[in-house]
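First comes the structure, then the notes that go with it.
Residue numbers (UniProt numbering): 1 to 275.
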């Protein structure tokens, strides 16, 4: 089966929003929070693998999948928190990719009693300013394409930056992965480029990171943009129990590109920490 017809999305009626999510298995809770250019389908391989031993949940951010966009000001970590309450989950391991990692960290900092461990996958960092000139130039091109309404070209550039990444070409990317990422970008485009009224949280201070006493695994794809490697290094130095692994031959979406390597590292991390 494919991500399209297995682990069909369900709808959670949360305060102020209907949120879609995928769910399987039983046992300790393991929540997967997707990147800004994907949706819960990007975690298909992890749902298959970890549903054997865990209660796995993969929500869609507002405007992604079948989750709606509302006119209310919101924050995604609160949606995930409400979903956990609805599912009667008291504590969970959170694995977040890109902005999903940011929201996972938000939840851990603001509700530490709810989070038993963090897995930050090519995570974004609040307050960090990108420095790589090549990336900044591509990002400016992307903003221009979006402002001109050139959806097809914008999607192609999104794929170049956030899938193909640094030091690779389209030929290096699995065709099935490329097609799925393009499909997710097309279907979630409005949410990706705008239309959400998201609450902006303050940048965590050094003492906030030091307060995290939970095991934390930071994973970064070898071919992700240089700033993501810098961010990964900062998290490892800032969070007391953090460790780092680079996933070879992967970019910004290593769980999707290299599921066997990703799953092995995640399972090892969970086992080492009795989770």
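Virtual Cβ for every residue (Gly too), placed ideally from N, Cα, C.
Of all the options the options, which has the alpha carbon lying nearest to the alpha carbon of residue i?
{"i": "residue 243", "options": "121, 146, 158, 200", "result": "121"}
{"i": "residue 72", "options": "78, 102, 198", "result": "198"}
{"i": "residue 113", "options": "84, 163, 34", "result": "84"}
{"i": "residue 167", "options": "107, 147, 224, 203", "result": "224"}
{"i": "residue 237", "options": "253, 218, 251", "result": "218"}
{"i": "residue 246", "options": "255, 239, 240", "result": "255"}
{"i": "residue 283", "options": "135, 188, 175", "result": "The structure shown does not extend to residue 283, since the chain is modelled only from 1 to 275, so the question has no answer here."}
{"i": "residue 63", "options": "55, 52, 76, 56", "result": "76"}
{"i": "residue 271", "options": "200, 215, 235, 227", "result": "215"}
{"i": "residue 201", "options": "36, 96, 107", "result": "107"}
{"i": "residue 145", "options": "154, 49, 240, 182", "result": "154"}
To the nearest angstrom, how far is it from the Cα of residue i to the Cα of residue j?
{"i": "residue 19", "j": "residue 81", "result": "12 Å"}
{"i": "residue 190", "j": "residue 260", "result": "32 Å"}
{"i": "residue 44", "j": "residue 34", "result": "11 Å"}
{"i": "residue 4", "j": "residue 65", "result": "Here the model assigns residue 4 a pLDDT of 49, short of 50, so the residue's position is not dependable and the matter cannot be decided."}
{"i": "residue 88", "j": "residue 137", "result": "45 Å"}
Which two residues bound the contiguous beta strand (DSSP E) that contains residue i?
{"i": "residue 51", "result": "Careful: residue 51 lies outside any beta strand (DSSP E) and carries neither H nor E."}
{"i": "residue 273", "result": "Element bounds for residue 273: n/a, residue is neither H nor E."}
{"i": "residue 29", "result": "29-33"}
Taking only beta-carbon positions, decide if residue i is within less than 8 Å of chain C.
{"i": "residue 205", "result": "As a matter of chain content, chain C is missing from the structure shown, which is built from one protein chain."}
Once you ignore the five residues that flank residue i on each side, which residues in its own chain have a CB closer than 7 Å to its CB?
{"i": "residue 127", "result": "203"}
{"i": "residue 229", "result": "220"}
Taking the alpha helix (DSSP H) that residue i belongs to, which residues open and close that run?
{"i": "residue 8", "result": "Neither: residue 8 is in no alpha helix (DSSP H) and is coded neither H nor E."}
{"i": "residue 209", "result": "206-210"}
{"i": "residue 253", "result": "Counting along the chain, residue 253 falls outside any alpha helix (DSSP H), and DSSP gives it neither H nor E."}
{"i": "residue 193", "result": "189-193"}
So is residue i buried or exposed if we call it buried at 16+ other beta carbons inside 10 Å?
{"i": "residue 39", "result": "buried"}
{"i": "residue 148", "result": "exposed"}
{"i": "residue 258", "result": "buried"}
{"i": "residue 210", "result": "exposed"}
{"i": "residue 131", "result": "exposed"}
{"i": "residue 58", "result": "buried"}
Take residue i and list the residues in its own chain whose beta-carbon comes closer than 6 Å to its own, dropping the five residues that flank it on each side.
{"i": "residue 60", "result": "20, 39, 40, 67"}
Please determine whether the Cβ atom of residue i lies at a distance below 7 Å from any heavy atom of the ligand ADP.
{"i": "residue 238", "result": "The ligand ADP is not part of this structure, which contains no ligands at all."}
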